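J.: Below is a structure I'd like to ask you about.
Number of protein chains: 2
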Amino acid sequence: MKALLMMGCPELPVQTAIGLYIANKLNKEGFEVTIAGNKAAVSLLLNSDPEKHYIKKLIDLDRCIGALAEKEIEFDLGFVFIHSDSGISYLATLKSLSKAKTVAVIFGKEIEPLIEASGDSMIIAAKAVHNPTSLRARIDEVKSWAALTK
Amino acid sequence: MKALLMMGCPELPVQTAIGLYIANKLNKEGFEVTIAGNKAAVSLLLNSDPEKHYIKKLIDLDRCIGALAEKEIEFDLGFVFIHSDSGISYLATLKSLSKAKTVAVIFGKEIEPLIEASGDSMIIAAKAVHNPTSLRARIDEVKSWAALTK
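These protein sequence lines are chains A and B, in that order.
Using my numbering, you'd call the opening residue of the first sequence number 1 and step up by one each time.
Using my numbering, you'd call the opening residue of the second sequence number 1 and step up by one each time.
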């Protein structure tokens, strides 16, 4: 099983922490995990996990979208990190280019419009900017990510 | 050798990433590393490193200051993460309560006044908000943290 985590601009501190937290859960479930991020997101991830205990594959976000469009890569499960409209765009892009089951990971101060815009994706959402505890609680409610792909 | 990392409110995404990056370097040099943070800082660290590969001891920031004041704990090297005046206050607190050699890790958009306010501490500073690459470069210029404590 293959999972993708898509991360745009990391304005909010919770993004990197929750990304690594989800990656660890997926690794432990046996997923092959790829994280795609923009330059700042990738740098935050690499500095947070310098020995790559949690990060297995890390690619540039634009390259990832290109490779999805060219059908060079495909995933069973795709997490999109959303705290603004640009996150909603990435979710729409993933939905149009991949057959992956999509999960919208929504955080920030104003989450309601983002939840509404996420359509039929699975929603993991919490008001969280600096403290990821509430978002983590939503993630921990999911007992098996593999089960979602079936 | 014992090192302390002090982290206040994590408004800027680089704080957690650079904290874990420095902790890893210190662990590898054989330091016994304690990270002290406020609630949000601690939660970001624990979610970023869920298996505690980098985090060894983690304590509440206020409890840490109390224990320093009571002389229950002491350190050889103390890093204070500074992106606002509150960081400068923590640096002053550490200087007054400990004999540790202090390192001011300064980041954010307006770093000059913070550098000026850090006095005779060692300064590691870069304009960095979302992307820690420039700050990491300053850290990598230090070949041995242990040498600083001598």
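All residues carry an ideal CB built from backbone N, CA and C; glycine is no exception.
Note that the coordinates shown come from a computational prediction; the quantities given were computed from them, not determined experimentally.
Nearest by alpha-carbon distance to Asp120 (chain B): which of B:Arg136, B:Ala128 and B:Leu91 is it?
T.: Nearest of B:Arg136, B:Ala128 and B:Leu91 to Asp120 (chain B), Cα basis: B:Leu91.
J.: Do Ala100 (chain B) and Leu4 (chain B) have their C-beta atoms within less than 8 Å of each other?
T.: A contact, by the Cβ cut-off of 8 Å.
J.: Given that Arg136 (chain A) touches chain C, what residues does it touch there, using C-beta distances under 7 Å?
T.: Included in the structure are the protein chains A and B, with no chain C among them.
J.: What are the complete beta strand (DSSP E) segments, minimum 3 residues, inside the segment 32-90 of chain B?
T.: List check, beta strand (DSSP E) in window: 32-37, 57-60 and 77-82.
J.: With a threshold of 8 Å between beta-carbons, can Lys109 (chain B) be considered close to chain A, or not?
T.: Not one chain A Cβ lies under 8 Å of Lys109 (chain B).
J.: Based on Cα-Cα distance, which residue from B:Leu44, B:Val103 and B:Leu46 lies nearest to Ala146 (chain B)?
T.: Nearest C-alpha to Ala146 (chain B): B:Val103.
J.: Listing by chain order, which chain A residues have their CB less than 9 Å from the CB of Glu141 (chain B)?
T.: Ordered by position in chain A, no residue passes the 9 Å Cβ test against Glu141 (chain B), which lies about 15 Å from the chain.
J.: Can you round the beta-carbon distance between His83 (chain A) and Cys9 (chain B) to whole angstroms, since I take them to be within the 8 Å contact cut?
T.: Incorrect: roughly 18 Å between the Cβ atoms, too far for contact.
J.: Could you check if Ser96 (chain B) is buried or exposed, using at least 16 other CB atoms within 10 Å of its CB as the buried criterion?
T.: Ser96 (chain B) should be labelled exposed.
J.: Note down, in chain order, all residues in the segment 1-12 of chain A with a beta-carbon under 8 Å from any beta-carbon belonging to chain B.
T.: Within the segment 1-12 of chain A, the residues whose Cβ lies closer than 8 Å to some Cβ of chain B are Cys9, Pro10, Glu11 and Leu12, listed in chain order.
J.: In whole angstroms, what separates the C-alpha of Ile124 (chain B) from that of Leu148 (chain B)?
T.: Computed Cα separation, rounded: 13 Å.
J.: For Leu61 (chain B) versus Asn38 (chain B), is the C-beta spacing smaller than 8 Å?
T.: Result yes, Cβ atoms of Leu61 (chain B) and Asn38 (chain B) sit closer than 8 Å.
J.: Spatial neighbours of Phe31 (chain A) within its chain, please: C-beta separation below 6 Å, excluding the five flanking residues on both sides.
T.: For Phe31 (chain A), where only same-chain residues beyond five positions count, the Cβ hits under 6 Å are Met1 and Ala3.
J.: With 16 other CB atoms within 10 Å as the buried threshold, where does Lys150 (chain B) fall?
T.: So Lys150 (chain B) ends up on the exposed side.
J.: I believe Phe75 (chain B) touches Ser98 (chain B) by the beta-carbon criterion, under 8 Å. Please report the beta-carbon distance rounded to the nearest angstrom.
T.: With 8 Å as the limit, Phe75 (chain B) and Ser98 (chain B) qualify as a contact, their Cβ atoms being about 6 Å apart.
J.: Excluding the five sequence neighbours on either side, which residues of its own chain have a C-beta within less than 8 Å of the C-beta of Asp49 (chain B), listed in chain order?
T.: Counting only Cβ-Cβ distances below 8 Å, and skipping sequence neighbours, we find Leu20 and Ile55.
J.: Is there a C-beta anywhere in chain A that falls below 8 Å from the one on Ile18 (chain B)?
T.: Closer than 8 Å to some Cβ of chain A, the Cβ of Ile18 (chain B) qualifies, so yes.
J.: Using a threshold of 8 Å, state whether the C-beta atoms of Thr34 (chain A) and Lys52 (chain A) are closer than that.
T.: No; because the gap between Cβ atoms is not below 8 Å, this pair is not in contact.
J.: Within this structure, are the beta carbons of Thr16 (chain B) and Thr16 (chain A) separated by less than 8 Å?
T.: Yes, the Cβ-Cβ distance between Thr16 (chain B) and Thr16 (chain A) is below 8 Å.
J.: Is the Cβ of Tyr21 (chain A) closer than 8 Å to any Cβ of chain B?
T.: By this cut-off, Tyr21 (chain A) is an interface position.
J.: Could you list which residues in chain A have their beta carbon closer than 7 Å to that of Lys39 (chain B), in chain order?
T.: Near Lys39 (chain B) (Cβ distances below 7 Å), the residues of chain A are Asn131.
J.: On the DSSP letters alone, give me the boundaries of the alpha helix (DSSP H) that Lys25 (chain A) sits inside.
T.: Here the alpha helix (DSSP H) through Lys25 (chain A) covers Val14 to Lys28.
J.: Would you identify the three-state DSSP class for Thr102 (chain A), choosing helix, strand or coil?
T.: Residue state, collapsed to three classes: strand.
J.: So, with DSSP's three-state summary, where would you put Ile123 (chain B)?
T.: Of the three classes helix, strand and coil, the one that applies to Ile123 (chain B) here is strand, per DSSP.
J.: For my contact list, Ile106 (chain A) and Leu94 (chain A) are in at a C-beta cut-off of 8 Å; report their separation, rounded to the angstrom.
T.: Contact doesn't hold; Cβ gap of about 14 Å is too wide.
J.: How long is the line joining the alpha carbons of Asp140 (chain A) and Leu12 (chain B), rounded to whole angstroms?
T.: Computed Cα separation, rounded: 25 Å.
J.: When DSSP labels each residue in this structure, what does Lys150 (chain B) get in the three-state scheme?
T.: Lys150 (chain B) falls in the coil class under three-state DSSP.
J.: Tell me the rounded alpha-carbon separation between Ser89 (chain B) and Ile111 (chain B).
T.: Between Ser89 (chain B) and Ile111 (chain B), the C-alpha separation is close to 15 Å.
J.: Is Ala40 (chain A) closer than 8 Å to Met6 (chain A) when the C-beta atoms are compared?
T.: Not closer than 8 Å, so no.
J.: Along the chain, where does the beta strand (DSSP E) containing Ala3 (chain A) start, and where does it finish?
T.: It spans Lys2 to Met7 - the beta strand (DSSP E) in which Ala3 (chain A) sits, taken as one unbroken run.
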